[in-house]
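Q: UniProt numbering numbers the first residue of the sequence shown as 1 and each following residue consecutively. In this text, a Cβ means the ideal position worked out from N, Cα and C, and glycines have one as well. Bear in mind the structure is a predicted one, so any value in this text is a computation, not a measurement. After the structure tokens below, expect a handful of questions from me.
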Amino acid sequence: MKLWGGRFTKPTNELVDEYTASIFFDKKLAKYDIQGSLAHVAMLKECEIIPAEDADLIAEGLKKVAAKIESGVAELSAENEDIHMNVEKLLIEEIGPVGGKLHTGRSRNDQVALDMRLYLREALVDLMDLLVKLQESLTNQAKQNLDTVMPGYTHLQRAQPVLFGHHMMAYAFMFQRDIERLIDSYKRVNKSPLGAGALAGTTFPIDRMYVAERLGFDGICENSLDAVSDRDFVVEFLANASLVSTHLSRLCEEIVQWSSAEFNFIELDDAFSTGSSMMPQKKNPDVAELVRGKTGRVYGHLIGMLTTLKGLPLAYNKDMQEDKEGMFDTVETLKGALALFAPMMETMEVKKESMYNAVRQDFSNATDLADYLVEKGMPFRESHAVVGQAVLYCINHNKYLLDMSLEEFQTFSNLVEEDIFAKLTPETVVNARNVAGGTAKNRVEEQIDTITNLLNDS
Ligand code: ARG
1 MKLWGGRFTK
11 PTNELVDEYT
21 ASIFFDKKLA
31 KYDIQGSLAH
41 VAMLKECEII
51 PAEDADLIAE
61 GLKKVAAKIE
71 SGVAELSAEN
81 EDIHMNVEKL
91 LIEEIGPVGG
101 KLHTGRSRND
111 QVALDMRLYL
121 REALVDLMDL
131 LVKLQESLTN
141 QAKQNLDTVM
151 PGYTHLQRAQ
161 PVLFGHHMMA
171 YAFMFQRDIE
181 RLIDSYKRVN
191 KSPLGAGALA
201 GTTFPIDRMY
211 VAERLGFDGI
221 CENSLDAVSD
231 RDFVVEFLAN
241 ASLVSTHLSR
251 LCEEIVQWSS
261 AEFNFIELDD
271 AFSTGSSMMP
281 QKKNPDVAEL
291 VRGKTGRVYG
301 HLIGMLTTLK
311 GLPLAYNKDM
321 QEDKEGMFDT
331 VETLKGALAL
341 FAPMMETMEV
351 KKESMYNAVR
361 QDFSNATDLA
371 DYLVEKGMPF
381 RESHAVVGQA
391 VLYCINHNKY
401 LLDMSLEEFQ
411 TFSNLVEEDI
421 FAKLTPETVV
431 NARNVAGGTA
441 KNRVEEQIDT
451 ITNLLNDS
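Here it is in structure tokens:
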């Protein structure tokens, strides 16, 4: 007999049971469901809605059910549809009909919203911890690469040299904003919907704040219709997770490029690389590729959830059961990626020489030659054109700016003097960008300090 079987005259079609059940995936919520029920039953006792002895029996029974589910001996069935009704059924099996008092003043609609929030609260903390670890490994790489000059790109064309440490810190700041977004979202997750009932509240003299405080919530959802209909917090999480994935996948793409023979800027540790079944020489950056690839499913879950909610009337609709798998999968996908990323970044070998040679063999110091002429009084627009000519000359003569003699420089402008050679070396060019946030060594050190201080506070 179904928990809601009273008004029915026939058993449910088996296919309907299978199709409408969520137990296959919401069993992940068992721990939170029972945590919520324990708080609810404590409140029913406190408010004298059910007798104290019954409440105590229920609480004990719930703990036994929790242990049985955890050890895998409890049988969870599609016939009982979801985790909420499976737990209630198991409780009644455990302690008899008195178990049926647990659901007093409560609906699965406020219950499921509660479970989702309890689950996400924990997941947010875990994800923030993992993001902090990733920031630490990026910062460590940055510290070890404060003298490593690499080509900086725009349009994937060599633009101006930057420190590899500067590049690492760019990602550390992206992940900082991701952490801040998760922190900010936490306060919207951390509200208790319990007490909203099915949609309109309850006739029992419950104490919503008691439950909220017991479960560590900051307060309660203030409108019962909103409490059971709101999945904004899921959408917000998926959107924030999408940005984390965006940032990760950009870093992935760079790792894939950098580890190619064409770039040859880094080598991933053997422990974080994979081989080919056919080509003996291969060493592939599979982790970076797969993290990049999994971005698709995270974005998919965001669009899926938004689409599910679009146009849904208030209050609860069964459509909303679709909120779970995407959220769970996103949490697990990100956890998996982040757990690998920190050690992969930490153990990656940075090929300083190779990066330096790349900078030495490009025109990324051209802006500095133009700036040099400006310092000598030439208008920038004019110096831009003059340097363009010099670059063209070098390309035609198969050389780089620093390969020219003073006489050659002077054919483009007689403002050029002997000091030009020191001005155009990769180190000088980098350290000349001594503006707040710039790539000069001391500026990158400032950026490392900023992130390190934030990490120490967290
Ligand atoms: N399994 C349902 C879900 O995940 C729980 C809420 C069901 N409520 C209902 N009135 N059918 O959304």
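Kindly confirm or deny that the region 231-243 and the region 209-220 touch, where touching means at least three C-beta pairs closer than 8 Å.
A: Touching, no.
Q: Confirm, please, whether the CB-CB distance from residue 264 to residue 218 is below 7 Å.
A: Result no, Cβ atoms of residue 218 and residue 264 do not sit closer than 7 Å.
Q: What are the boundary residues of the beta strand (DSSP E) that includes residue 298?
A: Premise fails: residue 298 lies in the alpha helix (DSSP H), 286-309, not in any beta strand (DSSP E).
Q: In this structure, does DSSP put residue 452 in helix, strand or coil?
A: Three-state result, residue 452: helix.
Q: By Cβ distance below 7 Å, which residues in the same chain neighbour residue 61 in space, the five residues on each side in sequence not counted?
A: Excluding sequence neighbours, residue 61 sits near 91, 94, 95 and 99.
Q: Relative to the C-alpha of residue 356, which candidate in 381, 30, 77 and 163 has its C-alpha closest?
A: When each option's Cα is compared against that of residue 356, the closest is 163.
Q: Taking the straight line between their C-alpha atoms, what separation do you get for residue 273 and residue 285?
A: One C-alpha to the other measures close to 5 Å.
Q: Would you say residue 82 touches ligand 1, meaning its beta carbon is less than 6 Å from a heavy atom?
A: Yes - ligand 1 has a heavy atom lying nearer than 6 Å to the Cβ of residue 82.
Q: Please say whether residue 29 and residue 119 have beta carbons closer to each other than 7 Å?
A: Cβ distance < 7 Å, so residue 119 and residue 29 count as in contact.
Q: Taking DSSP as the reference, what is the three-state secondary structure of residue 160?
A: The answer is strand: DSSP assigns residue 160 an E or B state.
Q: Would you be able to state if there are at least three C-beta pairs under 8 Å between the region 247-262 and the region 291-307?
A: These segments touch.
Q: I need the DSSP call for residue 191, collapsed to helix, strand or coil.
A: Note: residue 191 maps to strand in three-state DSSP.
Q: Could you tell me if residue 97 is buried or exposed, where buried requires 16 or more neighbouring beta carbons within 10 angstroms of its beta carbon?
A: Counting Cβ neighbours within 10 Å, residue 97 comes out exposed, since fewer than 16 surround it.
Q: Return the residue from the list 317, 133, 302 and 71 that minimises the CA-CA distance to residue 458.
A: When each option's Cα is compared against that of residue 458, the closest is 133.
Q: So does residue 112 have its beta carbon nearer than 6 Å to some heavy atom of ligand 1?
A: Correct: residue 112 has its Cβ closer than 6 Å to ligand 1.
Q: Between residue 390 and residue 412, is the Cβ-Cβ spacing less than 7 Å?
A: Taking 7 Å as the Cβ cut-off, residue 390 and residue 412 qualify as a contacting pair.
Q: Taking the continuous alpha helix (DSSP H) assigned at residue 119, which residues delimit it?
A: Here the alpha helix (DSSP H) through residue 119 covers 108-144.
Q: Please name the residue, chosen from 448, 345 and 335, that lies closest to residue 129 on a Cα-to-Cα basis.
A: Closest by alpha carbon: 335.
Q: Would you kindly check if the distance between the Cβ of residue 401 and the Cβ of residue 442 is under 7 Å?
A: Contact flag unset, no.
Q: Cutting at 6 Å between CB atoms, please list the residues of its own chain near residue 34, excluding the five before and the five after it.
A: 62 and 66.
Q: Inspect the CB distances between the region 179-197 and the region 103-123 and report whether three or more fall short of 8 Å.
A: Touching, per the Cβ criterion.
Q: Quick check: the Cα distance between residue 145 and residue 448, rounded to an integer number of angstroms?
A: Rounded to the nearest angstrom, the two C-alpha atoms are 11 Å apart.
Q: Look up residue 267 in the DSSP assignment and give the residues it is bridged to.
A: The partner list for residue 267 (beta bridge, DSSP) reads 349.
Q: With DSSP collapsed to three states, give me the class of residue 502.
A: The requested residue 502 is not part of the displayed model; the chain covers only 1 to 458.
Q: With contact counted as at least three CB pairs below 8 Å, one residue from each stretch, are the region 43-61 and the region 9-24 in contact?
A: No: fewer than three Cβ pairs fall under 8 Å.
Q: Whole angstroms are fine: how far does the CA of residue 173 sit from the CA of residue 303?
A: Each residue's alpha carbon lies about 26 Å from the other.
Q: Buried or exposed, going by whether 16 or more other CB atoms sit within 10 Å of the CB of residue 305?
A: Residue 305 is buried by the Cβ-count criterion.
Q: Sorted by chain position, which residues of the same chain lie with C-beta nearer than 6 Å to residue 142's C-beta, five sequence neighbours on each side aside?
A: Contacts found: 165, 168, 169 and 448.
Q: So residue 153 is in the beta strand (DSSP E); what residue range does that whole segment cover?
A: Its beta strand (DSSP E) spans residues 149-154.
Q: Should residue 331 be labelled buried (16 or more other beta-carbon atoms within 10 Å of its own) or exposed?
A: Residue 331 comes out buried.
Q: Give the secondary structure of residue 219 by DSSP, where H, G and I count as helix, E and B as strand, and everything else as coil.
A: DSSP places residue 219 in strand when its eight states are reduced to three.
Q: Jot down the residue ranges of each uninterrupted alpha helix (DSSP H) in the region 344-390, minimum 4 residues, whole runs only, in chain order.
A: Fully enclosed alpha helix (DSSP H) runs of 4 or longer: 352-360 and 366-375.
Q: Can residue 320 be considered in contact with ligand 1, in the sense that its beta carbon sits closer than 6 Å to one or more heavy atoms?
A: Yes, the beta carbon of residue 320 sits closer than 6 Å to at least one heavy atom of ligand 1.
Q: So, with DSSP's three-state summary, where would you put residue 274?
A: DSSP places residue 274 in strand when its eight states are reduced to three.
Q: Whole-angstrom Cβ separation of residue 3 and residue 89, contact assumed at under 8 Å?
A: Residue 3 to residue 89, Cβ: 7 Å. Contact.
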